[in-house]
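First the structure, in the form of structure tokens, and then the observations on it.
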Amino acid sequence: MQVTNSPFSQEQVDLLNQLLPTLTENQKIWLSGYLASQASAGAAPATAEAPAVQETPAQQAEQAETASKEVTILFGSQTGNGQMIAEDSSRRLKDHGYNVTVSSMDDFKTKNMKKIENLLVIVSTHGEGDPPDNALSFYEFLHGRKAPKLEDARFSVLALGDTSYEHFCQTGKDLDQRIENLGGARLYPRVDCDVDFDDDAEEWIQGVLSSLNELQEETAQAAAAPAGAAAPTAPTAEQPAYSRTNPFRAEILENINLNGRGSAKETRHVELSLEGSGLTFEPGDSLGMFPENDPLLVDQLIREMDWNPEETVVLNKQGDIRSLREALLSHFEITVLTKPLLEKMSKLTNNEKLQELLETGQADELRTYLEGRDLLDLLKDYGPWQGGAADVVGNLRKIPPRLYSIASSPSANPDEVHLTVGAVRYDAHGRPRTGVCSGQCAERTEPGDTLPIYIQHNPNFKLPENPSAPVIMVGPGTGIAPFRSFVEEREEVEADGKSWLFFGDQHFRTDFLYQTEWQQWLEDGSLSKMDVAFSRDNEEKVYVQHRILENSGEVYQWLQDGAFLYICGDEKRMAHDVHEALVTVLENEGNMTHEEAEAYMLDLQQQKRYQRDVY
Numbered sequence: 001m002q003v004t005n006s007p008f009s010q011e012q013v014d015l016l017n018q019l020l021p022t023l024t025e026n027q028k029i030w031l032s033g034y035l036a037s038q039a040s041a042g043a044a045p046a047t048a049e050a051p052a053v054q055e056t057p058a059q060q061a062e063q064a065e066t067a068s069k070e071v072t073i074l075f076g077s078q079t080g081n082g083q084m085i086a087e088d089s090s091r092r093l094k095d096h097g098y099n100v101t102v103s104s105m106d107d108f109k110t111k112n113m114k115k116i117e118n119l120l121v122i123v124s125t126h127g128e129g130d131p132p133d134n135a136l137s138f139y140e141f142l143h144g145r146k147a148p149k150l151e152d153a154r155f156s157v158l159a160l161g162d163t164s165y166e167h168f169c170q171t172g173k174d175l176d177q178r179i180e181n182l183g184g185a186r187l188y189p190r191v192d193c194d195v196d197f198d199d200d201a202e203e204w205i206q207g208v209l210s211s212l213n214e215l216q217e218e219t220a221q222a223a224a225a226p227a228g229a230a231a232p233t234a235p236t237a238e239q240p241a242y243s244r245t246n247p248f249r250a251e252i253l254e255n256i257n258l259n260g261r262g263s264a265k266e267t268r269h270v271e272l273s274l275e276g277s278g279l280t281f282e283p284g285d286s287l288g289m290f291p292e293n294d295p296l297l298v299d300q301l302i303r304e305m306d307w308n309p310e311e312t313v314v315l316n317k318q319g320d321i322r323s324l325r326e327a328l329l330s331h332f333e334i335t336v337l338t339k340p341l342l343e344k345m346s347k348l349t350n351n352e353k354l355q356e357l358l359e360t361g362q363a364d365e366l367r368t369y370l371e372g373r374d375l376l377d378l379l380k381d382y383g384p385w386q387g388g389a390a391d392v393v394g395n396l397r398k399i400p401p402r403l404y405s406i407a408s409s410p411s412a413n414p415d416e417v418h419l420t421v422g423a424v425r426y427d428a429h430g431r432p433r434t435g436v437c438s439g440q441c442a443e444r445t446e447p448g449d450t451l452p453i454y455i456q457h458n459p460n461f462k463l464p465e466n467p468s469a470p471v472i473m474v475g476p477g478t479g480i481a482p483f484r485s486f487v488e489e490r491e492e493v494e495a496d497g498k499s500w501l502f503f504g505d506q507h508f509r510t511d512f513l514y515q516t517e518w519q520q521w522l523e524d525g526s527l528s529k530m531d532v533a534f535s536r537d538n539e540e541k542v543y544v545q546h547r548i549l550e551n552s553g554e555v556y557q558w559l560q561d562g563a564f565l566y567i568c569g570d571e572k573r574m575a576h577d578v579h580e581a582l583v584t585v586l587e588n589e590g591n592m593t594h595e596e597a598e599a600y601m602l603d604l605q606q607q608k609r610y611q612r613d614v615y
């Protein structure tokens, strides 16, 4: 590049001469487009002293038509799937030139709702139709009287759920309907995702992106950039090579039973190597694992239907094929029945009893049938079946990954991740049953084997930024896992805040998980206080909520002193009972009414001082 007639200084020319010879033709084209888009955005704003330039109405109209489109993505997620999809969607939209704001619903300032032009909502449904914890306040606001009209907004909803629950994707459906009622125009139809959400989520973001680009084409005819092409942006930061869609094969370093001889339980402590993966995590995050079905169950299924195990079947929309046995072993879910599956399968049989079960008004009977049964039960109960193996597996969903709260700190255990896995075993409908993933960990893996895993970040379950803040942790059974991670981390960073752990299980002698570690942390001060409840050691059963009530005054004082409260474990019983115990503490020690105590707990939640990792 020559200096003659150039607007650049000699120093700038030297820099350009260093850069240009290193660029490929594609890079030069990209750079020219990027610089053109920056130039078309206009010069820097004038100073206060500069006189304002009066625009003509035509100029104002053109500027409005070619204004860049802002996109707001709001997510509500209990386990982190919603956030993962939101962040991936944000990266892809930015790569196409959109200005994207991503926020969890509880962090979003609702006063900004009126300003939104393009709204993308990604939300899961928790339990039986409930919003996730970090979506509750936004959900209530949007359904309240103060919700604004959204007549200037375009929107689309991605709803995450599980068809094994009756109120599938209910939160997403509710928000979708409410935004439409408030005047929002649908940018792209709502997509409801089952646990194998990858393909549906991909369809949704592609559809949203196409709709946004079409709007740009319609409104950018006067723009300098080619129609339909949003301004290019700098490439986003490189993402980890391994993820949910490309899991890392982690080697098992250790796999031991934590329970003592004679225990009714089997809880595995599993250590996995992350060496070479590039995967990182923080205490409070989860690990996703893609399990395989029990080979004995797969073989039993094939024999029952007299199928050829070597027959090839199609796995997905891309047309990938595998042998039937391999597909049933590692790809398709065969241990859970859902209503949509029964509806699809009913087209392959003339069995009247199945048709009757699916009729309106049989919800209770259907729910009873689905509980604890699997594909083998269905095929035995409602034959004879028409069609072959390909017809049946074509109705099955993919095996979803199982999420486990991480039980180790990366500071204490570099390049490793530890899990606490409770083996699920029970008898139902005349056959013994085993959890897919927990059974694999307990019965079919050993050190040296590998498991496909990924990290699921959970921003809703994090230690306080201030290491001096006190923490109260409640985690019976395998709910203890993240608190082992928490205490390891606090030991490593020498946190000086107080910490109090409530743990419970069946028997002190056989079920005190990680007992020696807790005792060591109590001795060295990494853990300030621990209360335990072993429900089967006495005639009267005692649980963690009873220990909370016994320490009512001290629990209240810790909360008043700014303690962060964490609950991990069973949602339906334990988490509910612990919440009620805490409300009782506030009523008794804080002289609050029930409504005031509930409001206090809600305030703690909004301050992120009441966090739950429940399932």
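According to full-length UniProt numbering, the residues represented by the sequence shown are 1 to 615, in order.
Don't be surprised by glycine CBs; every beta carbon is placed ideally from N, CA and C.
All figures in this text were calculated on a predicted structure; none of them were measured in a lab.
Is the beta carbon of residue j closer than 8 Å to that of residue i?
i    : j    : result
Y98  : E128 : no
Q611 : N460 : yes
I455 : D285 : yes
L376 : E304 : yes
P482 : A597 : no
D615 : E571 : Before going on, a small fix: residue 615 reads as Tyr here, not Asp. Cβ atoms of Y615 and E571: closer than 8 Å.
L287 : D415 : no
Give me the residue from the options with the minimum Cα distance to residue i.
i    : options                : result
P309 : G319, P295, K317       : P295
R367 : N395, Q560, L337       : L337
M473 : K339, V544, E491       : V544
K398 : T110, T245, H457       : T245
A264 : H594, A423, S103       : A423
S243 : R490, P401, Q506, K572 : P401
S468 : G372, L370, W521, A563 : A563
L301 : F248, E359, V392, E251 : V392
Going by DSSP in three states, residue i sits in which element: helix, strand or coil?
i    : result
G553 : helix
Q456 : strand
S210 : helix
Q54  : Confidence at Q54 is low in this model, with a pLDDT of 46, below 50, so its placement is unreliable and no value can be given for it.
C568 : strand
D176 : helix
L586 : helix
E251 : strand
L463 : coil
Y139 : helix
H418 : strand
E271 : strand
Y514 : coil
K347 : helix
R573 : helix
Y382 : coil
I316 : Sequence inspection shows Asn at residue 316; the Ile mentioned does not correspond to that position. Looking at N316 - three-state DSSP - the assignment turns out to be coil, as it is neither helix nor strand.
V393 : helix
N538 : coil
Looking only at its chain, what residues have a beta carbon closer than 8 Å to the beta carbon of residue i, apart from the 5 residues adjacent to it on each side?
i    : result
Q606 : D106, S137
S552 : T584, V585, N588, E589
W558 : P470, I472, K498, W500
R186 : R154, F155, S156, E180
D192 : A159, G161, F168, C169, G172, K173, D200
Apart from the five residues on each side of it in sequence, which residues of its chain come closer than 7 Å, Cβ to Cβ, to residue i?
i    : result
I321 : T312, V313, V314, L315
S528 : K498, S499, W500
E365 : L357
Quick check on residue i: buried or exposed, where buried means 16 or more other Cβ atoms within 10 Å of its Cβ?
i           : result
G161        : buried
R484        : buried
I334        : buried
S405        : buried
N118        : buried
residue 616 : For the chain, the structure presents residues 1 to 615; residue 616 sits outside this window and is missing.
V493        : exposed
P131        : buried
I453        : buried
G80         : buried
residue 644 : With the chain covering only 1 through 615, there is no way to say anything about residue 644.
G504        : buried
H418        : buried
Can you list, in chain order, the residues of its chain whose CB lies under 6 Å from that of residue i, leaving out five sequence neighbours each side?
i    : result
T233 : With a pLDDT of 47 at T233, under the threshold of 50, the modelled position of that residue is not reliable, and no figure is offered here.
Y188 : S156, G207, V208, S211
Y600 : L586
V121 : L74, V157, L175
Within 8 Å of any Cβ in chain C, is that where the Cβ of residue i sits?
i    : result
E523 : Considering every chain present, this structure includes no chain C. It has just one protein chain.
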